[in-house]
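What follows is a single structure, written as structure tokens, with notes after it.
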Amino acid sequence: MMKVVALAGNPNVGKTTIFNELTGMRQHVGNWPGVTVEKKEGILEYKGEKFLVVDLPGTYSLTAHSVDELVARDFLLKGSADVVVDVVDATALMRNLFLTMEIFEMGLKNTVIALNKIDLAEKRGIEIDARKMEAVLGVPVIPLNAKEGIGIKELKKKIYEVAHRKTRVEPIIPRYDPAIEREIEHISTVLKHTELAEKYSLRWLAIKLLMRDEEVIKLVLRYLGSEKLNEIMGHIGEVEERYKRAMDLMIASQKYEFVDSLMHRFMRYRFEQGETFSDQLDRILTHPVYGLLALFAVFYLMFKFIFAFGMPLQGMLDDAFSSFGQWLAPQIASETLRGLLVDGVIAGVGAVLSFFPLVFLLFLVMAFLEDVGYMARAAVVMERMMRKFGLPGKSLIPLVLAFGCNVPAVMGTRTLDEEKDRIVTMLINPLIPCSARLSVISFLAGAFFKENQALVAVSIYAVAILLALLMAWVFSRFLVGGETSPFIIELPEYLVPSWKTVIIHSWERSKEFVKKAGTIILAGSIAIWYLSNYPSVIGSGRSYAERIGMFFEPYVRLMGLDWKAAVSLLFGIIAKENVISTYGVLYGSREAIINAMVPLQAYVLGLVTTLYIPCIATIGAIKAEAGWKWAMFTVVYMIGLASVVGIITYHAALALGF
Amino acid sequence: MDMIVPLNSLKPGEKGMVVNILGGAGARQRLVAMGLTPGATIHVIESHPFGPIILSVSGTRFAIGRRLAGKVMVRKL
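For the record, the sequence lines run as chains D and H. Heads up: the first sequence begins at 1 in my numbering, then just goes up one per residue. Heads up: the second sequence begins at 659 in my numbering, then just goes up one per residue.
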């Protein structure tokens with residue numbers, strides 16, 4: 001069996017860069033079982049031996065308050081790792097060593113500290129003696145500048161040594177006030193006679209019980225029974241009463257004091273750094289007015305870049321696939337097989353892959369902005385506004401992504417801390433018109449409203465965005481339970497990004513998109529082909545597609561639309577741009593479409609297309625991130641919303657004499 | 659002078675030492691893990707009405723929501 005190396009550490013410490021340096025391109029991105037936390041694994045090879053490297057979620061501590069922390073903690077607690085690499089940011093030692101102490105407290109004796117960003121620390125006047133640090137902490141300390149690859153070789157060597165028990169690791173354990181130590185002692189004695197003693201560090205369990213950790217309480221309850229547990233918890237209450245402080249607060253501040261007392265032995269400030277360049281930049285970028293302007297500018301440039309490079313690539317791939325289909329078609333004798341392959345499979349794969357450049361560029365820009373440090377600032381600027389609608393500032397990012405494509409946007413909700421925020425952002429996400437819907441809206445606006453083209457398009461966007469905000473407010477208030485996340489975010493120093501990290505990250509992400517969305521788009525494409533060719537080809541009035549359209553006609557008639565619109569909307573579920581192309585097939589030409597509808601109908605069709613149902617790939621993404629329940633809910637509420645808006649718009653416009 | 663005030667009342671440039679954190683365990687532990695713990699010195703860098711406050715704790719910059727900042731009690735330095 002391969003030995004396992006786990007990477008733990010705070011967010012923004014360069015953990016991903018170290019992970020990439022250790023594993024190269026040999027990595028795999030998936031999910032931790034049962035939760036939507038990203039799990040990254042890779043292979044490290046050293047001296048002919050292979051190690052499985054697992055990147056744990058970046059966390060500031062190991063409490064049971066977030067999924068990320070629980071995932072990381074459970075992994076360490078189960079002893080799943082042979083070596084734990086604790087990545088520590090040399091420029092923020094105090095806070096980083098807090099997590100280190102939490103790891104040490106678990107009783108693990110296989111930790112290596114990767115002291116990253118030593119170059120930056122030096123610039124800021126922080127002098128760290130790694131040898132002394134090693135002696136004080138009792139674990140190996142490897143200084144690194146991971147972005148330049150400095151120290152990676154030494155880290156690999158140390159991992160190898162610790163994995164083979166060639167290096168002694170005796171981590172120092174934080175000590176607390178006599179009063180707290182007494183409690184720890186007392187609880188440990190009670191727990192000593194249970195089976196827990198074989199599996200866990202009793203000291204760790206005792207400390208977590210003192211902090212009223214829900215998961216640990218549940219665990220201890222199983223082994224100790226409620227009577228003894230209540231006795232312990234009651235006693236903790238008495239101590240808190242005596243000190244007039246919550247126990248977890250006392251433990252945490254004493255842990256910091258402990259870290260502080262250690263730090264003096266191996267680090268010193270050569271000079272005190274005043275205001276940094278980052279601070280000056282933040283004065284503008286987090287400002288309520290200038291910050292907002294800067295945000296618009298950044299997002300404008302982002303889309304400009306994505307479309308300037310992505311659109312031509314998408315077109316090229318599209319053409320390549322259709323020429324391949326045209327070339328292949330005459331070579332297949334069987335008509336059914338030809339249809340299935342050319343119109344179903346190749347068209348489907350083509351649709352998926354032609355999305356790839358856009359999705360990749362989207363992720364690339366996002367990863368770049370994240371790595372530079374700008375995303376945290378964008379969240380600060382938006383926090384002011386989004387909070388009114390029940391959304392955290394951070395949800396702006398996935399919502400902006402949605403203008404490009406809802407699929408990566410849904411996946412982007414992972415960056416949000418609270419389950420509640422993730423769900424609400426995911427639910428309203430498909431209301432934001434993606435680029436496929438832009439093509440429908442702009443076609444209809446251009447064809448039917450020559451004079452007010454822009455106004456019409458903008459009005460549809462405005463309706464969609466307002467509805468998204470309204471629904472966010474409704475959902476966060478009445479539907480999705482859970483705590484509103486308290487807003488606190490680290491503003492990492494602005495940095496030149498590591499290109500390797502940015503590119504690997506966006507490549508992995510977009511690959512995952514293709515895998516996830518791919519199968520579902522492919523299946524949808526085959527379904528379209530079938531419905532429009534059996535029992536008779538579409539246009540004949542006898543295909544399944546047309547029959548389904550006619551079945552729904554009484555319903556869409558309420559919005560002033562006919563069965564052809566129903567068929568188009570049905571195929572639009574596969575991909576929104578199908579709405580127009582299906583119309584094209586049904587009417588034979590684009591001119592015929594213009595003659596067949598009045599502007600009001602076109603407007604309603606544009607509105608309904610924008611709102612009515614997420615495309616199949618988006619449904620798939622929501623299912624993957626939040627489960628079938630929420631995916632189905634999104635479908636149902638959006639159909640409802642689109643119907644209401646469509647019917648009201650149609651009848652209101654008629655009543656007003658349009 | 660012993661003045662204990664909520665963090666969100668400090669003005670840019672002012673400093674305070676955390677003495678206590680009120681509120682539920684969830685918010686409290688998140689603050690604590692990021693270094694806002696009793697004894698820590700906080701330096702307020704930016705504070706605009708209605709928006710998050712930007713502060714520095716042992717060299718790291720944070721943005722913290724006004725409501726959450728109201729739960730951090732500091733002694734003005």
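Think of the CB as a built atom: it goes at the ideal place given N, C-alpha and C, for glycine as much as any other residue. All values derive from a computational prediction rather than experimental measurement.
- With fewer than 16 other Cβ atoms from the protein chains shown falling within 10 Å of its own Cβ, Arg-175/D counts as exposed.
- Beta-bridge pairing by DSSP links Pro-664/H to Met-731/H.
- Counting along the chain, the unbroken beta strand (DSSP E) around Lys-3/D starts and ends at 3-9.
- Distance between Val-37/D and Asp-68/D, taken at the CA atoms: about 7 Å.
- Distance check between Ala-114/D and each of Val-598/D, Gly-151/D, Ala-135/D places Gly-151/D closest, using alpha-carbon atoms only.
- For Gly-393/D, the number of other beta carbons within 10 angstroms of its own is at least 16, and it is reported as buried.
- Judged by DSSP in its simplified three-state form, Asn-31/D adopts strand.
- Rounded to whole angstroms, the gap between the alpha carbons of Tyr-555/D and Pro-614/D is 19 Å.
- Using a CB distance below 9 Å, the part of the segment 686-700 of chain H facing chain D consists of Arg-686, Gln-687, Arg-688, Leu-689, Val-690, Ala-691, Met-692, Gly-693, Leu-694, Thr-695, Pro-696, Gly-697, Ala-698, ordered along the chain.
- Flagged as an interface residue toward chain H: Ala-252/D, by a C-beta distance shorter than 7 Å.
- Considering only beta carbons, the part of the segment 485-504 of chain D lying closer than 7 Å to chain H consists of Pro-486, Phe-487, Ile-488, Ile-489, Glu-490, Leu-491, in chain order.
- In terms of Cβ geometry, Ala-727/H and Leu-665/H form a close pair [threshold 7 Å].
- Among the CB atoms of chain H, one or more fall inside 7 Å of the CB of Pro-288/D.
- Proximity of chain H to His-264/D at the Cβ level (cut-off 8 Å) is not reached, the minimal Cβ distance being about 13 Å.
- Between Asn-110/D and Val-169/D, the C-beta gap is smaller than 7 Å, which places the two residues in contact.
- Note that the segment 432-439 of chain D touches the segment 404-413 of chain D; at least 3 beta-carbon pairs, one per stretch, sit closer than 8 Å.
- One thing to note: Ala-72/D has its Cβ no nearer than 7 Å to the Cβ of Glu-214/D.
- Judged by DSSP in its simplified three-state form, Asn-116/D adopts strand.
- Tyr-243/D sits exposed, since fewer than 16 C-beta atoms from the chains shown fall within 10 Å of its C-beta.
- Judged by DSSP in its simplified three-state form, Tyr-200/D adopts coil rather than helix or strand.
- With distances taken between CA atoms, Arg-477/D lies nearest to Asp-421/D out of Leu-466/D, Leu-495/D, Asp-421/D.
- Taking C-beta separations shorter than 6 Å and ignoring five residues to either side along the sequence, the partners of Leu-285/D in its chain run Gly-291, Ala-294, Arg-377, following chain order.
- At a Cβ-Cβ threshold of 7 Å, Tyr-612/D and Ala-565/D do not count as neighbours.
- Closer than 7 Å to the CB of Ala-320/D there is not a single CB belonging to chain H.
- At a cut-off of 7 Å between beta-carbon atoms, Val-259/D makes no contact with chain H.
- Within the model, the alpha-carbon separation for Ile-126/D versus Thr-91/D is close to 7 Å.
- Annotation for Glu-181/D: the continuous alpha helix (DSSP H) segment containing it runs 178-191.
- Between Glu-383/D and Phe-296/D, the CB-CB gap reaches or exceeds 7 Å.
- In this structure, Pro-497/D is the residue among Ser-459/D, Ala-445/D, Pro-497/D, Ala-464/D with its C-alpha nearest to the C-alpha of Leu-369/D.
- Under the three-state reduction of DSSP, Asn-12/D is assigned to coil, being neither helix nor strand.
- Closest in C-alpha terms to Ile-573/D, from the list Thr-609/D, Ala-596/D, Trp-563/D, Gly-560/D, comes Thr-609/D.
- Counting along the chain, Thr-609/D sits inside the alpha helix (DSSP H) bounded by residues 599-611.
- One alpha carbon belongs to His-28/D, the other to Ala-333/D, and they sit about 41 Å apart.
- Among the bridge pairs identified by DSSP, Ser-714/H is matched with His-701/H, Arg-719/H.
- A Cβ-Cβ separation of about 4 Å places Gly-549/D in contact with Trp-563/D under the 8 Å criterion.
- For Ala-294/D, the nearest beta carbon of chain H is not closer than 7 Å to its own beta carbon.
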